[in-house]
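Residue numbers (our numbering): 652 to 1133. Read through the structure below, which is laid out as structure tokens, and then see the notes.
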């Protein structure tokens, strides 16, 4: 079988590797630029090509965006600048010798008198000094651009229809927060408080040098930056009916990967066309593993009717869960989607079996973050260092925070953070005292209503059960990665 892959970015590279793992070696990947990396290959002089900004930092921590069998270097920061991401992608391609499969270099405004550009054309703050900037949209790019320009522009206004939740990248002790939440920006709150950035309503009209919003206010502007997302297309696919795209970015793909036709699906897959609450890279890798297994004949797809029914059910669920938007047509929940694909590929770990073999490791998996290395523990193409990568995760996350201009310091031992330490911490002791105080008061109240002897046994029994439950909680807490 011969496989053609379009694009040598984060998704394209892992698609090449997945095909190699399935024994497919007749592979060609077409890349329209001269380098790998896709969006992460920063090109300040190529305005027509979508790329990151000069100041872009990833919104998911390095461990959550890593490929499942190639952890980022321990010295890389937890939230990498785009230059680190590009370096990581290049290291991945070099390590698995992927470059030999790649062929490089193969490709409305009316009244407003100021400058209008899309977020994909923005590179850095140069040229925006002392200008009034109006940004349309409130996604990651909008906030990143707004925060950067707020430092040098005369003023920055961000227009949004519905608003959004904004979270910091890290929580207490500098640990990544993207185990639970999607991260967006760390600086927005301070700039809002200082008045450097203004949030306003949706646009109602645009004049020659001003913008009117729906709440009646008018803002003068020199520059409008459109951070309104993207409409996607596959112009390199002929005929276009193979992957029909309707309004609002609605696309018919089984599990966001395969066209709902067995004849076509055995020969065509779309990788990375998702909007997850988390990182795209691990999802693209899992999609690639599934697609390569289907192409190689190891896995089969259901019949056309079943695939179409699944697409309809998924679309109905999205409409119930999200408002109508081009962004949400390809929205996926990170962990459930990864687990679903992993089950299809045959690499989802069996926690029950792991608990029998290695209880401590199983507890770490259950309570810890769902890092990509989890899906290399078992199944075909398992990685023998997956357990090591998972067990060393706390150390790798903390290591960038401990380099203070000199030699890297040793990690402090966890013994002082063990069971007895937690028992006698001041805050924990107060919680225990309150808990047992309430319990004792309740027992005294019951004591006056029932037989003293039986009540005494009741108090002893419940006290022992309560104490055991607390110590069990502390015991399990020691296994949790925080």
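Even glycine gets a Cβ: it sits at the ideal position worked out from N, Cα and C. Just so you know, these numbers come straight off a predicted model, no measurement behind them.
Near residue i, which residues of its chain fall below 7 Å by C-beta distance, leaving aside the five closest residues on each side in sequence?
{"i": "residue 871", "result": "783, 860, 861"}
{"i": "residue 668", "result": "747, 749"}
{"i": "residue 1061", "result": "Residue confidence for residue 1061 is low, a pLDDT of 43 falling below 50, so the modelled location carries little weight; the figure read from the coordinates is stated next. So the list is empty, once near-sequence residues are dropped."}
{"i": "residue 800", "result": "776, 779, 784, 807"}
{"i": "residue 764", "result": "859, 860"}
{"i": "residue 830", "result": "Note that residue 830 scores 41 on pLDDT, short of 50, meaning its location in the model is unreliable; the coordinates nonetheless yield the value given after this. 1020."}
{"i": "residue 702", "result": "690, 692, 693, 694"}
For residue i, which option in the options has the closest C-alpha, if you only look at C-alpha atoms?
{"i": "residue 788", "options": "905, 929, 875, 967", "result": "875"}
{"i": "residue 884", "options": "873, 921, 913, 906", "result": "921"}
{"i": "residue 997", "options": "985, 1003, 1031", "result": "1031"}
{"i": "residue 961", "options": "904, 988, 654", "result": "904"}
{"i": "residue 959", "options": "985, 991, 902", "result": "902"}
{"i": "residue 937", "options": "786, 867, 987", "result": "987"}
{"i": "residue 898", "options": "890, 680, 881, 906", "result": "881"}
{"i": "residue 792", "options": "890, 709, 764, 867", "result": "709"}
{"i": "residue 999", "options": "1029, 1021, 1008", "result": "1029"}
{"i": "residue 1039", "options": "726, 721, 844", "result": "721"}
{"i": "residue 916", "options": "896, 947, 1042", "result": "947"}
{"i": "residue 969", "options": "907, 1036, 1042, 956", "result": "907"}
{"i": "residue 676", "options": "1025, 753, 726", "result": "753"}
{"i": "residue 1049", "options": "711, 1037, 1035, 726", "result": "726"}
Taking only the alpha-carbon atoms, compute the straight-line gap between residue i and residue j and give it to the nearest angstrom.
{"i": "residue 1066", "j": "residue 1017", "result": "Only weak support is given to the placement of residue 1066: the predicted model assigns it a pLDDT of 43, under 50, and the value that follows is read from those uncertain coordinates. Cα-Cα distance, rounded: 22 Å."}
{"i": "residue 972", "j": "residue 751", "result": "43 Å"}
{"i": "residue 951", "j": "residue 1027", "result": "21 Å"}
{"i": "residue 653", "j": "residue 662", "result": "18 Å"}
{"i": "residue 849", "j": "residue 1010", "result": "52 Å"}
{"i": "residue 724", "j": "residue 740", "result": "12 Å"}
{"i": "residue 790", "j": "residue 659", "result": "25 Å"}
{"i": "residue 738", "j": "residue 732", "result": "10 Å"}
{"i": "residue 838", "j": "residue 873", "result": "24 Å"}
{"i": "residue 1045", "j": "residue 913", "result": "44 Å"}
{"i": "residue 928", "j": "residue 706", "result": "22 Å"}
{"i": "residue 1047", "j": "residue 868", "result": "49 Å"}
{"i": "residue 1068", "j": "residue 842", "result": "Note that residue 1068 scores a pLDDT of 46, beneath 50, so its modelled location is shaky and nothing firm can be said."}
{"i": "residue 730", "j": "residue 795", "result": "14 Å"}
{"i": "residue 965", "j": "residue 802", "result": "43 Å"}
{"i": "residue 918", "j": "residue 681", "result": "17 Å"}
{"i": "residue 834", "j": "residue 845", "result": "Low confidence applies here, because residue 834 scores a pLDDT of 43, under 50, leaving its location unreliable and the question unanswered by this model."}
{"i": "residue 656", "j": "residue 718", "result": "18 Å"}
{"i": "residue 890", "j": "residue 896", "result": "12 Å"}
{"i": "residue 684", "j": "residue 878", "result": "24 Å"}
{"i": "residue 1008", "j": "residue 756", "result": "51 Å"}
{"i": "residue 700", "j": "residue 773", "result": "11 Å"}
{"i": "residue 770", "j": "residue 704", "result": "9 Å"}
{"i": "residue 766", "j": "residue 985", "result": "38 Å"}
{"i": "residue 949", "j": "residue 956", "result": "21 Å"}
{"i": "residue 840", "j": "residue 847", "result": "10 Å"}
From the DSSP secondary-structure annotation, give me the bridge partner or partners of residue i.
{"i": "residue 681", "result": "657, 754"}
{"i": "residue 769", "result": "877"}
{"i": "residue 856", "result": "863"}
{"i": "residue 869", "result": "863"}
{"i": "residue 851", "result": "810"}
{"i": "residue 896", "result": "902"}
{"i": "residue 784", "result": "807, 874"}
{"i": "residue 968", "result": "BP columns for residue 968 are empty, so no partner."}
{"i": "residue 909", "result": "905"}
{"i": "residue 982", "result": "926"}
{"i": "residue 708", "result": "732"}
Sorted by chain position, which residues of the same chain lie with C-beta nearer than 6 Å to residue i's C-beta, five sequence neighbours on each side aside?
{"i": "residue 1134", "result": "An answer regarding residue 1134 cannot be provided, because it is not within the stretch 652 to 1133 covered by the chain."}
{"i": "residue 1005", "result": "1013"}
{"i": "residue 894", "result": "885, 888, 910"}
{"i": "residue 933", "result": "1023"}
{"i": "residue 781", "result": "805"}
{"i": "residue 923", "result": "662, 931, 935"}
{"i": "residue 670", "result": "654, 678, 943"}
{"i": "residue 939", "result": "665, 666, 669, 922"}
{"i": "residue 941", "result": "992, 995, 996"}
{"i": "residue 1041", "result": "1024"}
With a threshold of 8 Å on Cβ separation, who are the neighbours of residue i within its own chain once the five nearest residues in sequence on each side are excluded?
{"i": "residue 926", "result": "978, 979, 981, 982, 983"}
{"i": "residue 728", "result": "713, 735, 1051"}
{"i": "residue 864", "result": "810, 851, 852, 853, 854, 855, 870"}
{"i": "residue 1056", "result": "Residue confidence is low: residue 1056 scores 47 on pLDDT, short of 50, so the model does not pin down where it sits. Its coordinate-derived value is still stated next. Cβ within range, chain order: n/a, list empty."}
{"i": "residue 945", "result": "909, 916, 917, 920, 951, 952"}
{"i": "residue 954", "result": "913"}
Between residue i and chain D, is the shortest Cβ-Cβ distance under 8 Å, so that the two count as touching?
{"i": "residue 1027", "result": "Here chain D cannot be found, since the structure has a single protein chain."}
Query raised in the report: Mind pulling the alpha helix (DSSP H) runs of 4 or more residues that sit fully within the segment 713 to 749?
Result: Runs of the alpha helix (DSSP H) inside the segment 713 to 749: 733 to 746.
Report task. At 4 residues or longer, and completely inside the segment 992 to 1042: list those alpha helix (DSSP H) runs for me, N to C. Result -> 1002 to 1008, 1010 to 1018, 1037 to 1042
Query raised in the report: Mind pulling the beta strand (DSSP E) runs of 3 or more residues that sit fully within the segment 925 to 965?
Result: none
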